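Asks: Let me give you the structure first, and then I'll get to my questions.
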Amino acid sequence: MAEVYKDFMKDFGSLKQLEIFQKVTHGQDNIHLLIGDSLNLSVPTEKIAFAFIDGNHDPVYVKNDFNKVWPLVSSGGVVAFHDYGGNLPQTTRAIDELEAEHSEEVREKITEPAKTLVYLIKK
Ligand SMILES: C[S@@+](CC[C@H](N)C(=O)[O-])C[C@H]1O[C@@H](n2cnc3c(N)ncnc32)[C@H](O)[C@@H]1O
Numbered sequence: 601m602a603e604v605y606k607d608f609m610k611d612f613g614s615l616k617q618l619e620i621f622q623k624v625t626h627g628q629d630n631i632h633l634l635i636g637d638s639l640n641l642s643v644p645t646e647k648i649a650f651a652f653i654d655g656n657h658d659p660v661y662v663k664n665d666f667n668k669v670w671p672l673v674s675s676g677g678v679v680a681f682h683d684y685g686g687n688l689p690q691t692t693r694a695i696d697e698l699e700a701e702h703s704e705e706v707r708e709k710i711t712e713p714a715k716t717l718v719y720l721i722k723k
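Residue 723, in our numbering, is where the sequence shown stops; the numbers in between run on with no holes.
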């Protein structure tokens, strides 16, 4: 997947991903940006209401990203994943495995097939 992103970024010429992000979010003062590989990052907060997982779609990363946020998600909070049920079957499988592993903590699963989104709502 890292190669896919590298290739995608070619279309943006000499602009680095961080520069593009800074342009797009200019003036937004409520964003705390963590820079790095999510495998090596910890989440600097105690509670999470909503997390969106859409980074490296390899199962190792999907599970890493979920396992870092899920324990911090409040009751009624949501973890959403992109590319569920789309053209990345290994991503879908990883999400299904996470849901099964945490079934006792999941209140509801909502899918939006047209957008390849899935939401896991915590009990
Ligand atoms: C599909 S895009 C997500 C787009 C984003 N959700 C949005 O709507 O703009 C995946 C993003 O995750 C980043 N990414 C990929 N692997 C990552 C990793 N291991 N750690 C952190 N970010 C990663 C990519 O650079 C890319 O910006």
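Ideal Cβ placement from N, Cα and C applies to all residues, glycine included. If you're wondering where the values come from, they're calculated on a predicted model, not measured in any experiment.
Where does the unbroken beta strand (DSSP E) through Lys722 begin, and where does it stop?
Replies: From DSSP, the beta strand (DSSP E) with Lys722 extends over 717-722.
Asks: In terms of residue numbering, what span does the alpha helix (DSSP H) encompassing Thr691 cover?
Replies: Per DSSP, Thr691 belongs to the alpha helix (DSSP H) from 689-701.
Asks: Quick one: residues in its chain with C-beta nearer than 7 Å to the C-beta of Lys647, no 5 flanking neighbours on either side, listed in chain order?
Replies: Here the set comprises Leu672, Ser674.
Asks: Hey, Val678 and Ile631 are a contact pair by Cβ (cut 8 Å); roughly how many whole angstroms apart?
Replies: About 19 Å separates the two Cβ atoms, so there is no contact after all.
Asks: Which residues does DSSP list as the beta-bridge partners of Ile710?
Replies: Paired residue(s): Tyr719.
Asks: Please list the terminal residues of the continuous alpha helix (DSSP H) segment that includes Phe666.
Replies: Taken as a continuous stretch (DSSP letters only), the alpha helix (DSSP H) holding Phe666 covers 659-669.
Asks: Using the DSSP secondary-structure output, state which residues sit across from Phe650 in a beta bridge.
Replies: Note: Phe650 sits in a beta bridge opposite Val678.
Asks: Buried or exposed: where does Val662 fall if 16 or more other Cβ atoms within 10 Å of its Cβ makes it buried?
Replies: That one is buried.
Asks: Could you give the first and the last residue of the continuous alpha helix (DSSP H) run that contains Val624?
Replies: First-last of the alpha helix (DSSP H) with Val624: 617-624.
Asks: Thinking Asp665 and Ser638 are a contact (beta carbons under 8 Å), I'd like their distance in whole angstroms, please.
Replies: Indeed they touch by this definition, with Cβ atoms about 5 Å apart.
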